[in-house]
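Residue numbers (the numbering used here): 638 to 800.
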Amino acid sequence: MAGLANAAIMARYGETEVLCTVTASAKPREGVDFFPLSVDYEEKMYAVGKIPGSFLRREGRAGEKAILTSRCIDRPIRPLFPKDLRNDCSVVATVMSVDPDCSPEITAAIGVSAAIAISDIPWDGPISSVNVGIVDGEIVINPTLEQRAKTDLTLTVASTADL
638 MAGLANAAIM ARYGETEVLC TVTASAKPRE GVDFFPLSVD YEEKMYAVGK IPGSFLRREG
698 RAGEKAILTS RCIDRPIRPL FPKDLRNDCS VVATVMSVDP DCSPEITAAI GVSAAIAISD
758 IPWDGPISSV NVGIVDGEIV INPTLEQRAK TDLTLTVAST ADL
């Protein structure tokens, strides 16, 4: 899978599986003064066992949850790239299957970190990410679906080892 990518990881957490790929251009982009990084999180309907019921049977554009998850992956990894890197870089996390008790968002963030770490792209990672919930006054790391229904707070935290 993903034979043309600089690196690819199939991240698994419980029954949740996310294919994380990272690709960078060989040469820097001319005339830009920023790092052209694109992070996409894709949740396909087949990952949860559903087929779209529309006439065309196609997935629509990315929803709000996918966009916010892409940002939750982008924000912790972006500062870890060299400040002068100008190569186009694309990171894609595609959810292949979902276990309701195991967050695909967290699996994607950790998988993306591992994919960048094994690639030849310069990077000062890795990162880790967890969901934190407060259930019945107790702090719970990566709460299950049942615990998330009862939580007073849900927070996603990402960090490097240097905290």
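Ideal Cβ placement from N, Cα and C applies to all residues, glycine included.
Computed from a predicted structure; not experimentally measured.
For the beta strand (DSSP E) that lysine 720 lies in, which residues bound it at each end?
The residue labelled residue 720 in the question sits at position 83 within the sequence shown. No beta strand (DSSP E) contains lysine 720, which DSSP labels as neither H nor E.
Give the secondary structure of valine 659 by DSSP, where H, G and I count as helix, E and B as strand, and everything else as coil.
The sequence position of residue 659 within the sequence shown is 22, counting from 1. If DSSP states are grouped into helix, strand and coil, valine 659 belongs with the strands.
State yes or no: is the C-beta of serine 766 within less than 9 Å of the C-beta of serine 750?
Residue 766 sits at position 129 when you count from the first residue of the sequence shown. Residue 750 sits at position 113 when you count from the first residue of the sequence shown. The answer is yes: Cβ separation under 9 Å.
Across which residues does DSSP place leucine 792 in a beta bridge pair?
For this step, residue 792 is matched to residue 155 along the sequence shown. When beta bridges are read from the DSSP output, leucine 792 appears opposite Val769.
Pick helix, strand or coil for glutamate 742, following the three-state DSSP scheme.
Start at 1 with the first residue of the sequence shown, and residue 742 comes out as number 105. Three-state result, glutamate 742: helix.
Residue range of the alpha helix (DSSP H) that includes serine 707
Here residue 707 refers to the residue found at position 70 when the sequence shown is read from its first residue. Run containing serine 707: 701-714, per the alpha helix (DSSP H) assignment.
Applying the 10 Å Cβ sphere with the 16-neighbour rule, what's the burial state of lysine 718?
Taking the sequence shown and counting its residues from 1, the one referred to as residue 718 is at position 81. As written in the sequence, residue 718 is phenylalanine, which differs from the lysine given in the question. It counts as buried.
Endpoints, the alpha helix (DSSP H) within which leucine 782 is located:
In the sequence shown, counting from the first residue as 1, residue 782 sits at position 145. Element bounds for leucine 782: 782-787.
Please classify alanine 645: does DSSP put it in a helix, a strand, or coil?
Indexing the sequence shown from 1 puts residue 645 at position 8. Correct three-state label for alanine 645: strand.
Ends of the beta strand (DSSP E) at isoleucine 776?
Here residue 776 corresponds to residue number 139 of the sequence shown, with the count starting at 1. Isoleucine 776 -> beta strand (DSSP E) spans 775-778.
Range covered by the beta strand (DSSP E) that runs through serine 756
Sequence index remark: in the sequence shown, residue 756 carries index 119 (1-based). That residue, serine 756, is in no beta strand (DSSP E); it is neither H nor E in DSSP.
Alanine 642 and alanine 745 closer than 9 Å at C-beta:
Locating residue 642 in the sequence shown gives position 5, where the first residue counts as 1. Locating residue 745 in the sequence shown gives position 108, where the first residue counts as 1. Contact: no.
Which residues bound the beta strand (DSSP E) around valine 676?
Translated into the one-based positions of the sequence shown, residue 676 becomes position 39. Taken as a continuous stretch (DSSP letters only), the beta strand (DSSP E) holding valine 676 covers 674-680.
State the CB to CB distance for the pair leucine 674 and aspartate 711, rounded to an integer number of angstroms; the pair is presumed to be in contact (CB under 8 Å).
Taking the sequence shown and counting its residues from 1, one reaches residue 674 at position 37. Taking the sequence shown and counting its residues from 1, one reaches residue 711 at position 74. Indeed, because the Cβ distance is near 7 Å, the residues count as touching under 8 Å.
Can you tell me which of the three DSSP states valine 749 falls into?
As a working note, residue 749 is residue 112 in the sequence shown. Valine 749 carries a helical assignment under DSSP once its states are collapsed to helix, strand and coil.
Beta-carbon proximity list for valine 669, same chain, < 7 Å, skipping 5 on both sides
Taking the first residue of the sequence shown as 1, we reach residue 669 at position 32. Same-chain partners within the cutoff: Arg723.
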